[in-house]
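Take a look at the structure below.
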Amino acid sequence: MGLALLAPLSSVAEEHGANKKKPNIIYILADDLGIAELGCYGQQLIETPNIDRLAKEGMTFSNHYSGTAVSAPSRCILFTGLHSGHAYIRGNDEMPERGNVKDHRAVLADSTLEGQRPVPAETVMIPALLKQAGYTTACIGKWGLGYPGSDSTPNKMGFDFFYGYNCQREAHTYYPPFLYRNERREYLNNPLVVPYTRLDKDADPYDEKSYARYTLNEYAPDLMYKEIINFIDLTKNTPFVLFWTTPVPHVPLQAPKKWIKHYVNKFGDEKPYTGNQDYFPCRYPRATYAAMVSYWDEQIGGLIKKLKEEGIYDNTLIIFTSDNGPTFNGGSDAFFFDSAKPFKSEWGWGKASLREGGIRVPMIASWPRKIKAGSRSDLLCAFWDIMPTFCEVAKVECPPTDGISFLPELLGKKQREHDFLYWEYPDSGGQKAVRMGKWKAIILNIFKGNRRIQLYDLESDPREQTDVARYHPDVIKRIEDIMKKEHTEPEIASFKMPD
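First residue of the sequence shown: 652, per this note's numbering; consecutive thereafter.
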């Protein structure tokens, strides 16, 4: 952290020092990581030894769901404990009424064009609640829930410290010209290379030198990791909560050369990605994607080592998960990695879809001597359960949410369970979904007038291939009632869906 911020954050930590026996909480959120892209979830090609070790020492969940199918609303649901039928943010909203928000040169010159739609100032988020319990709070990574100067920047929502991307669009390069330190831009030693810049017309796509312009000086995930270690140094004697909201492995495909070389040696040569599906081109797309995941796994190993060195690992609850399923563009290859196995993950089935591949995500929980090592859970749970869980861990009153604390499950005690989970998503044609026991119901293409509910038995049909709705009218009736009851009209026009 910069010297200007050392004193303020140290003061916050000192104020909370009397609560130092409370457990620390670290929530690690991947970006577009598929449920099967970790070794502990069956991945065969990408190496994730540190995350796998975390799973071996803790609990692995098989029925955990993200807030929804894409980034900003999933994060809103995470931080507020309200599912997508009640949440304020229900889709990615770039607020184009502000001007040319997708012009990265304009954004560099005018910060009022960056960032996504904010939530109301009175919104209560997890960090504000945990601050009441004496925690020092930090978010390091990607925000996406309020543009600079709005009512819902990270600091205004309860985080003592923020470092990273305020704007999701600016995270479309891992070598950005700036990041945010709290409310201010911090300019980096990176010139602006506009996201989606293609190869030069006369460039040889098989020549590594053709891609040199896309690798610059300061790699954002490196900078974020340094801030995480510094945050631990400053708060190790006090209770803290850290949300590590990394942009990894969201495209573009950019990774440290060491790890790219490792996977080029492992996979062999491959066809370059020339940028025809957006984002930056990449000489070795499969190797680079795997490199991004393994590089981040290495950082997670470094964080765990740091916690152990400081003697606070045993008093730290770590939750690891992903904001939605695997992506389908930018040179990524979910088919090659079988990224959502046993679910489908291609376009229409992974990210931006309420199919299982789009919202069923990995979750690992580790807390030495509290959570049984090597344990597994099939508890039906979702992002809106995080707020009540963390409030129970911190022993602070939780406001009304759609969630249920799963702390009893972590501790091996009797757990109250959801009767159902509900989602709605106003993009990708308009979708609604319900998970109820073994049943998965989904409506697609709502904006085209479709109202037909498809029904799948996930026990026998996890890939959602055989619609059995006509055989179970009683289940369909219950699903219809749930969809009607759980939907509230959104305040934002772009999130409205036909009745």
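Beta carbons: idealized from backbone N, C-alpha and C, even for Gly. Predicted, not measured: the structure shown is a model, and the values here were computed from it.
Following the continuous alpha helix (DSSP H) through Glu1060, name the residue where it begins and the one where it ends. Taken as a continuous stretch (DSSP letters only), the alpha helix (DSSP H) holding Glu1060 covers 1058-1061.
The ligand GDP and Ile728: does any heavy atom of the ligand fall closer than 7 Å to the residue's C-beta? With respect to the ligand GDP, the structure shown offers nothing to examine, as it has no ligands at all.
To which residues does DSSP link Val892 through a beta bridge? When DSSP reads this structure, Val892 sits in a beta bridge with Ile676, Thr788.
Whole alpha helix (DSSP H) runs in the segment 859-904 with 4 or more residues, listed along the chain? Within the segment 859-904, the complete alpha helix (DSSP H) runs of at least 4 residues fall at 871-886.
Any contact of the segment 918-936 with the segment 1002-1009, i.e. 3+ C-beta pairs under 8 Å? No, because fewer than three Cβ pairs between the segment 918-936 and the segment 1002-1009 fall closer than 8 Å, the two stretches do not touch.
Once you ignore the five residues that flank Asp1036 on each side, which residues in its own chain have a CB closer than 6 Å to its CB? For Asp1036, where only same-chain residues beyond five positions count, the Cβ hits under 6 Å are Gly1054, Ile1055, Phe1057.
Touch check for the segment 761-774 and the segment 789-799: three-plus C-beta pairs under 8 Å? Segment contact: the segment 761-774 against the segment 789-799, three or more CB-CB distances shorter than 8 Å; contact assigned.
Taking buried to mean at least 16 other C-beta atoms within 10 Å of its own C-beta, is Asp811 buried or exposed? So Asp811 counts as buried.
Three-state secondary structure (DSSP) at Leu656? In this prediction, Leu656 scores a pLDDT of 44, lower than 50, which makes its location untrustworthy; the coordinate-derived value is nonetheless stated afterwards. If DSSP states are grouped into helix, strand and coil, Leu656 belongs with the helices.
Classify Phe1098 as buried or exposed, calling it buried when 16 or more other Cβ atoms lie within 10 Å of its own Cβ. With fewer than 16 other Cβ atoms within 10 Å, it is exposed.
Cβ-Cβ distance between Phe882 and Ala789 below 8 Å: Yes.
Sequence-distant residues of the same chain with beta carbon closer than 7 Å to His1138, five excluded per side: Apart from the 5 residues on each side of it in sequence, His1138 sits with its Cβ closer than 7 Å to the Cβ of Gly736, Glu1075 in its chain, given in chain order.
Figure out for me which residue from Glu834, Glu1131, Thr1117, Gly1025 has the closest Cα to the Cα of Phe1071. Of the listed residues, the one whose Cα sits closest to Phe1071 is Glu1131.
Apart from the five residues on each side of it in sequence, which residues of its chain come closer than 6 Å, Cβ to Cβ, to Asn868? If we look at Asn868 and ignore the five residues flanking it on each side, its Cβ neighbours are Asn840, Asn841.
Would you list the residues sitting across from Met1087 in a DSSP beta bridge? The partner list for Met1087 (beta bridge, DSSP) reads Trp1090.
Can you say whether Glu1140 is buried or exposed, counting buried as having 16 or more other CB atoms within 10 angstroms of its CB? Exposed, by the Cβ-count rule.
Based on DSSP bridge pairs, tell me the residues matched to Tyr1107. Partner residues in the beta bridge of Tyr1107, as assigned by DSSP, are Lys1091.
Considering only their Cβ atoms, is the gap separating Phe1034 from Leu729 smaller than 8 Å? Contact flag set, yes.
Output the distance between the C-alpha atoms of Lys852 and Lys922, rounded to the nearest integer angstrom. Cα-Cα distance, rounded: 18 Å.
CA-to-CA distance, Lys1089 to Pro631, given in whole angstroms: The question about residue 631 has no answer, for the chain in this structure spans 652 to 1150.
Alpha carbons only, please: which of Tyr831, Ile963, Tyr857, Tyr865 is nearest the one belonging to Pro846? Minimum Cα-Cα distance from Pro846 among the listed residues Tyr831, Ile963, Tyr857, Tyr865 corresponds to Tyr865.
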